[in-house]
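Worksheet: one structure, shown below.
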Amino acid sequence: MTMKTTILALVPLALLFACSESTHTNSSSITDDNGSYAEDSFNSSSSISERLDIEYLDTIAAGDTLNFYMEMADWDTVKVKRDTTKEDSKDSSYVKKVCHDDVVCVDSANSTVSLFLGNFPKGTRVSVLAATSGMEGDTIRVRSEKGEKAKTLHPVWNESKKDSLYSDYMLPGSGADMLQNQFVLFSDDFYYLDLKAKFDTTAHLRVKVDVDTAYYNYTGDSSQVDIDLRDTVRGIFVIGSAPKNIEIAFNVETGFSVNLSVQGEGINKYELTDKDGKTYSPAADSLDTLLVTNDSSQWTLKLTPSNVVSFLSGPFATFEAATRFRRLNQGEYLAKPDSIVYPGDTLTIVRPANDSTKYYLRQDHYVWLADLKKGDSLIVYHEMEGYCKYGECKGTPRAYYALLNADGDSVGTINSLEHSFKAKSDGPVYLRYLQLNSKALTDSNLTLRTFIQRPGSLDSLKFYNEEKENTYTSMRVKAGDTVKLADFAFQTVPYKTSYNVKWYVPCEDLTTLGTASYIIQQENCKSEQEISSFYLIAQPDAADKDARLIAQSMADPLMRDTLTVNVR
1 MTMKTTILAL VPLALLFACS ESTHTNSSSI TDDNGSYAED SFNSSSSISE RLDIEYLDTI
61 AAGDTLNFYM EMADWDTVKV KRDTTKEDSK DSSYVKKVCH DDVVCVDSAN STVSLFLGNF
121 PKGTRVSVLA ATSGMEGDTI RVRSEKGEKA KTLHPVWNES KKDSLYSDYM LPGSGADMLQ
181 NQFVLFSDDF YYLDLKAKFD TTAHLRVKVD VDTAYYNYTG DSSQVDIDLR DTVRGIFVIG
241 SAPKNIEIAF NVETGFSVNL SVQGEGINKY ELTDKDGKTY SPAADSLDTL LVTNDSSQWT
301 LKLTPSNVVS FLSGPFATFE AATRFRRLNQ GEYLAKPDSI VYPGDTLTIV RPANDSTKYY
361 LRQDHYVWLA DLKKGDSLIV YHEMEGYCKY GECKGTPRAY YALLNADGDS VGTINSLEHS
421 FKAKSDGPVY LRYLQLNSKA LTDSNLTLRT FIQRPGSLDS LKFYNEEKEN TYTSMRVKAG
481 DTVKLADFAF QTVPYKTSYN VKWYVPCEDL TTLGTASYII QQENCKSEQE ISSFYLIAQP
541 DAADKDARLI AQSMADPLMR DTLTVNVR
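The numbering of the sequence shown is this note's numbering, which starts it at 1 and goes up by one.
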């Protein structure tokens, strides 16, 4: 026998039966892909006295997939005999709705079924996945208790216009094919899901709701937004309702770099301004930059929204600004520079690359070069490997070089043609290197080399015999002997300096002390031949001849010593 449920028409709440495809829970362990938590509890409309008395069928818990079965009610008249204990009592009757057990009982006058979602703050994103059967003209809306209808984030197909339009409703799928859309909430309130349709005798709704509470940090209600140094700010607002400009402020402390990335839709311009008022405004519709300062500094990112609603992108403008900070390594800022140990030695720094360094966006190198007196001279060389240089890759800008004083002020510069600097005052001198937008080559590690010379810094340079602990000016070799340049040692005054040297042989001595390749080049030799090989050979036919071997200090190019090589 088929069981029937009788529902009095005078009762304000309808009966609902919902089958859950997963275990029903309202706990905060339900998260979305971004780690946002669903509301810990969903308040019943009847449990809060100051709220409006709104009729709804049931509560949808975020993350659950629910099935609602509906049936068009049969109407019946029930006759009631008079109460014989009361004198004025008469026979009466009332109308009743009759439905099967375990269904939502609807009638021809009821075209909307409401489900309670919860109490959500502004900026919440509600994702609805739904499908229906047994109904026509069905639409799904998300509305606040005060009646405000949330707009969809994605366009909805409009059959009459044969096009997809942005609206305040979504269309569910049909049967087993569920369709999805998202709604954004612009006020703190209690929210409901409304299914409006023309119901057949039996109908079915399958629905899943995911809630990202406060997914959007900014909803257009102010012109100022603060962001921390490991944070993401998502913004959404209705075009035309937001301030003319939106400013996102953040601070960068000394010793940190900040990667700032911004992208959006419906934003006309991005402007990044430092504390001195210098502004960087990219031509592209996004911004990805690395910020490094010599001292604590405040930066402001100004967004200028569009004021024209686009048919393609809809009524909203959106942006996402993300900051990621990294503690700088030595040599990446002026307060903690790398240091030259000795002039004439090459300082080589290798920085391993990873996701946070982003050397393809920015490379900074600060090197203490020397403490100089007014009039002292420096010769400075710097090179980078592992990333594109100007002229090697399309779009790579020139590197910036500056010589700085202790306050970080520029006191000079170097370039590919000019490497010399003369101090105009006493004090330390630093090299600053900056390269922007240089993509990685095969080796993504960043290698930086710095080399300096200090003309006039040495009082003497002498060939030195470490065993006998004395200097010498001549040596004897046999014809055919190999003279290895790495075997020589030197004594310098001052003592603490680099012993690296460059080697030269006078042109006329190459036939006595040289190699076949240098002898062939003798025709083009002028005065002296710089020696790049690791050895020289006392020529077999050079017996009883002398040759001069010249060592020039790499620390002080003005200082030389000459060794007479006797071939005997």
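Every residue, glycine too, gets a C-beta built ideally from N, C-alpha and C.
So, with DSSP's three-state summary, where would you put residue 437?
coil
What is the DSSP secondary structure of residue 487, reduced to helix, strand or coil?
helix
Quick one: which unbroken beta strand (DSSP E) runs of 3-plus residues sit fully inside the region 242-323? Chain order, please.
246-252, 256-265, 267-273, 286-292 and 297-305
Where residue 41 and residue 210 are concerned, what is the direct C-alpha to C-alpha distance, given to the nearest angstrom?
Low local confidence applies: a pLDDT of 31 at residue 41 is under 50, so the model's placement there is unreliable, with the coordinate-based value given in what follows. Whole-angstrom Cα-Cα distance: 14 Å.
Cα-Cα, which of 422, 172 and 213 is closest to residue 191?
213
Are at least three pairs of beta-carbons, each pair with one atom in the region 340-359 and one in the region 392-408, less than 8 Å apart?
no
Quick check on this structure: which residue in 238, 69, 423 and 548 has the alpha carbon closest to the alpha carbon of residue 106?
69
Skipping 5 residues on each side, what residues in its chain have a beta carbon closer than 7 Å to that of residue 558?
455 and 456
Is it buried or exposed, residue 157, if we count other Cβ atoms within 10 angstroms and call 16 or more buried?
exposed
Under the three-state DSSP convention, the category residue 47 falls into
Per-residue confidence for residue 47 stands at a pLDDT of 37, beneath the threshold of 50, marking its modelled position as unreliable; the derived number appears in the next sentence. Residue state, collapsed to three classes: helix.
Kindly list the residues whose CB is nearer than 8 Å to the CB of residue 395, restricted to its own chain and excluding five residues on each side of it in sequence; keep chain order.
437
Name the two residues that bound the continuous beta strand (DSSP E) containing residue 342.
No beta strand (DSSP E) contains residue 342, which DSSP labels as neither H nor E.
C-alpha gap between residue 509 and residue 519, whole angstroms
10 Å
Segment contact flag, the region 324-333 with the region 174-182, C-beta cutoff 8 Å, min 3 pairs
no
Whether residue 152 touches residue 72 by CB criterion (8 Å)
no
Using only the alpha-carbon positions, how far apart do residue 346 and residue 417 sit?
19 Å
Between which two residues does the alpha helix (DSSP H) carrying residue 517 extend?
516-520
In terms of alpha-carbon separation, which member of 344, 379, 303 and 294 lies closest to residue 328?
294
Please name the residue, chosen from 568, 330 and 523, that lies closest to residue 542 on a Cα-to-Cα basis.
568
Contiguous beta strand (DSSP E) assignments of at least 3 residues, all confined to the region 82-162:
92-100, 104-106, 112-120, 125-144 and 156-158
Could you check if residue 365 is buried or exposed, using at least 16 other CB atoms within 10 Å of its CB as the buried criterion?
buried
Assuming the contact rule is C-beta atoms closer than 8 Å, residue 171 and residue 114 should be a hit. Round their C-beta distance to whole Å, please.
Actually they do not touch by this definition, with Cβ atoms about 18 Å apart.
DSSP-derived helix/strand/coil call for residue 523:
helix
Close-in-space but distant-in-sequence residues of the same chain around residue 450 (CB under 6 Å, 5 per side omitted)
347, 367 and 382
Would you check if the distance between the CB atom of residue 333 and the CB atom of residue 292 is smaller than 8 Å?
yes
When DSSP builds the beta bridges, which residues end up paired with residue 174?
132
Neighbourhood of residue 142 by C-beta distance below 8 Å, restricted to the same chain and skipping five residues each side
117, 126, 128, 149, 150, 183, 185, 191, 192, 193 and 194
On the DSSP letters alone, give me the boundaries of the beta strand (DSSP E) that residue 182 sits inside.
179-184
Along the chain, where does the beta strand (DSSP E) containing residue 70 start, and where does it finish?
65-72
In three-state terms, what does DSSP make of residue 221?
coil
Going by the CB atoms, is the gap between residue 538 and residue 477 shorter than 8 Å?
yes
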